[in-house]
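Structure first, then comments.
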Amino acid sequence: MKFIGGEMSNTRVILDDNLYDGVKFTNCTMVYSGSGGDMGIQNCTLNNCRWEFTGAAGQTISFLRGLASGMGPSGKELVRNLMNDILKD
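Under our numbering, the first residue of the sequence shown is numbered -19, with each subsequent residue one higher.
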């Protein structure tokens, strides 16, 4: 589904299979499960929102946390390098 413009507040926003363009989110819980399908957030404003990763996305976050905490300094370095690769311009 495509959402263009407008505002959403105090609600759970499902990101999977949805495109948000120019939407203002306030006090929302942004939920991403990694279930596939087209999704996106572009030209949006997020105010005081929190993120929730469920399903495959949540498992990936847990896996990365495990690497960072269970492998000592080398695990933290691995996760830090992954994040740096993601943030490259």
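Where is the CB? At the ideal position from N, CA and C, for every residue including glycine.
{"Check": "Exposed unless 16 or more other CB atoms sit within 10 angstroms - verdict on residue 5", "Outcome": "buried"}
{"Check": "CB of residue 1 within 9 angstroms of CB of residue 20, strictly", "Outcome": "yes"}
{"Check": "Close-in-space but distant-in-sequence residues of the same chain around residue -15 (CB under 7 angstroms, 5 per side omitted)", "Outcome": "2, 3"}
{"Check": "Delimiting residues of the beta strand (DSSP E) encompassing residue 20", "Outcome": "20 to 22"}
{"Check": "Best match in 45, 66, -12 for proximity to residue 25 [C-alpha to C-alpha]", "Outcome": "-12"}
{"Check": "Delimiting residues of the beta strand (DSSP E) encompassing residue -18", "Outcome": "-18 to -16"}
{"Check": "Residue nearest to residue 22 in terms of C-alpha spacing, selected from 9, -8, -2", "Outcome": "-2"}
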